[in-house]
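If you count by the UniProt record's numbering, then the sequence shown holds residues 1 to 406, one letter each, in order. Each remark here refers to the structure printed beneath this line.
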Amino acid sequence: MKPIWWPGEQHELFTEWAITQGIIINGVSPARFVGRGLGMIATRKIEKDSILISVPHSAMLTPSKIPSSFTSLFPADTPTHALYAAYLTHTPTTTDPWRNTWPTITDFASSMPMLWPSSFLSLLPPSISGLWSTIPASLPQGKQQHDHSHQHLLSQQEARLTRDWEIVKRVLPSMDWEKFKYHWIIVNTRSFFYLMPGQDMPEDRYDAMALVPVADYFNHSDEACNVKFDGERYVFRAAKDYEEGEEIYMSYGPHPNDFLFTEYGFYLEENVSETLCLDDIIFRDLNPSMIEELEFHKYDGNYQLTADGVCYRTEVAAGLTYMRLQEWQDYVLGYSTQGVDKKKSEAVIRRWIHTYLKEADATIDRLEDLNPDKPEHQGMVRMLLKRWWQIRILCDTAMQAVSANQ
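Set out below in structure tokens:
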């Protein structure tokens, strides 16, 4: 009799195949969790530091595994992501046990904003979409001098995909766009950090990636297993004791929920790395000379809100709105805090947070008024509503923290 968590025949066949590839699977198994999809489960009691999975380099998909007859077709500076997606699209198979376990494009479309209808764009959080309904539009990204890598996440993702496709279609003009896009998403959502010992970190972090079979079942959590790659094997160890039937997680990195939502199509109920970006709100509140002053002192952008309040960069920007310039410069340079008025700073910061609260309330109202006919659209609305309520609660919590800290 199959266990209640049995993932299905294709996943069982894949596990058998993985063992023939030299992959060690110790006390864990792919599993189907009711209402949450696939993950990794403990099949027995597991002690802390035990090896859960060990994947040899030979079983991984790395750049060296792609035949030179294929890679030589492309320019030398072709992104690794583009090469993987092109190679997987160029070599289709229905018998590969590993590929048969991958999500379908329909699976991705249910939760990944890049595959959603354009009508949903304005309902996404601003860090993802770059759009606000309650404040004026921001400057085009090309005219913004500050770093916006932590916001406008969807347009950045789409730009990477478009760049890669433009490279590939010049080399392989007959390649199918939809199939390429599917495999690009597969690589984007299932890759692991990969750098051989002694190898320099590439300028683009997306060039340091590999696909690691079996390990791609792990879901993301802040409480994760220990992971190490030594050039020969990718080894995953238990970070704590597990009881039989517990789900085992790994960490995809210290990412806020909007990043996880954009890149992977999910977000966490509780996330210790959760932040909201206040850049759009703050820059609209400053005149050009203030922004220039922030740029000169390297305090332009990356204004973060967390459950504990706001970051120091945000406090610096708040001070600029009411302090005399010389006093503010002395404050930034660490000479004097004479011009700092905690009550005034609190009032400014609370006003900025309140702007985000207004956006949350307005979008929640819009979402609650929607009544889409298609079941998949209903799921998108539910996912967005839940995320916006998270944002609203986070803003409330931060507002209280700001008042308590001043």
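In this text, a Cβ means the ideal position worked out from N, Cα and C, and glycines have one as well. Everything numeric in this text was worked out from a predicted model, so none of it was measured.
query                                                                                                                                                              : result
Which first and last residues belong to the beta strand (DSSP E) in which R233 is found?                                                                           : 233-237
Quick check for students: name the residue ranges of the alpha helix (DSSP H) that lie wholly in the segment 145-182, counting only runs of 4 or more.             : 153-171
With the cut-off set at 8 angstroms, would you say C277 and Q151 are in Cβ contact?                                                                                : yes
Measuring alpha carbon to alpha carbon, tell me which residue in S345, F283, A85 is nearest I167.                                                                  : A85
Return the CA-CA distance between D216 and L384, expressed in angstroms with no decimal places.                                                                    : 26 angstroms
Mind checking if I291 is an interface residue toward chain C, Cβ cutoff 8 angstroms exclusive?                                                                     : Note that chain C does not occur in the displayed structure, where there is just one protein chain.
Taking a contact to mean a Cβ-Cβ separation below 8 angstroms, would you say R392 touches L357 in this structure?                                                  : yes
Kindly give me the distance between the Cβ atoms of G8 and F108, rounded to whole angstroms, as I take these residues to be in contact under 8 angstroms.          : Not quite, the Cβ-Cβ distance comes to about 18 angstroms (not below 8 angstroms), so this is no contact.
May I have the straight-line CA-CA distance separating K240 from E47, to the nearest angstrom?                                                                     : 7 angstroms
Beta carbon of I349, beta carbon of V316: below 8 angstroms?                                                                                                       : no
To which residues of the same chain is D330 closer than 6 angstroms at the C-beta, ignoring the five residues directly before and after it?                        : S336
Check each candidate in R205, K298, F33, A82 and name the one with the smallest Cα separation from E246.                                                           : F33
Considering only DSSP beta bridges, list what P30 is partnered with.                                                                                               : M40
Taking Cβ to Cβ, would you say C225 is nearer than 8 angstroms to M250?                                                                                            : yes
Tell me whether I66 sits in a helix, a strand or coil according to DSSP, three-state version.                                                                      : coil
On the three-state DSSP scale, how would you describe P56?                                                                                                         : strand
Work out the CA separation of T262 and W165 for me, nearest whole Å.                                                                                               : 19 angstroms
Could you tell me if the beta carbon of S403 falls within a distance shorter than 7 angstroms of some heavy atom in the ligand ZN?                                 : Absence of the ligand ZN is noted for the structure shown, with no ligands found whatsoever.
Tell me which residues share the same chain as G142 and place their Cβ nearer than 8 angstroms to its Cβ, disregarding the 5 neighbours each side in the sequence. : Its pLDDT being 43, under 50, G142 is placed unreliably in this model, and the value from its coordinates should be taken loosely. Once the five neighbours on either side are set aside, G142 has no close Cβ partner at all.
With respect to the alpha helix (DSSP H) encompassing T262, which residues constitute its N-terminal and C-terminal limits?                                        : 257-264
Could you tell me which of T355, Y267, G309 sits nearest to R382, measuring between CA atoms?                                                                      : Y267
Quick one: what does DSSP say C277 is sitting in, helix, strand or coil?                                                                                           : strand
Assuming the contact rule is C-beta atoms closer than 8 angstroms, G135 and I281 should be a hit. Round their C-beta distance to whole Å, please.                  : For the sequence presented, residue 135 should be read as Ile rather than Gly. Their Cβ separation, rounded to whole angstroms, is 7 angstroms, which keeps I135 and I281 in contact under 8 angstroms.
Take V14 as the anchor and find which of I4, I25, S127 has the nearest alpha-carbon.                                                                               : Per the sequence presented here, residue 14 reads as Phe, with Val not at that position. Comparing Cα-Cα distances from F14 to each of I4, I25, S127, the minimum goes to I25.
Which one of L333, H354, Y322 has the shortest CA to CA distance from V340?                                                                                        : Y322
With DSSP as the reference, label A210 as helix, strand or coil.                                                                                                   : strand
Inspect the CB distances between the segment 228-240 and the segment 186-202 and report whether three or more fall short of 8 angstroms.                           : yes
With DSSP collapsed to three states, give me the class of E315.                                                                                                    : helix
Can P256 and T275 be called in contact, C-beta distance under 8 angstroms?                                                                                         : yes
Measure the C-alpha to C-alpha separation of Y87 and P375 and round it to an integer number of angstroms.                                                          : 34 angstroms
According to DSSP, is Y356 helix, strand or coil?                                                                                                                  : helix
Just the C-alpha distance for W98 and G309, rounded to the nearest angstrom, thanks.                                                                               : 45 angstroms
Going by beta-carbon coordinates alone, are A18 and P213 separated by less than 8 angstroms?                                                                       : yes
According to DSSP, simplified to helix, strand and coil, what is Q329?                                                                                             : helix
Which residues does DSSP pair with Y194 in a beta bridge?                                                                                                          : DSSP, once it has assigned bridges, lists no residue as partnering Y194.
Inspect the beta-carbon positions of D204 and P79 and report whether they are closer than 8 angstroms.                                                             : yes
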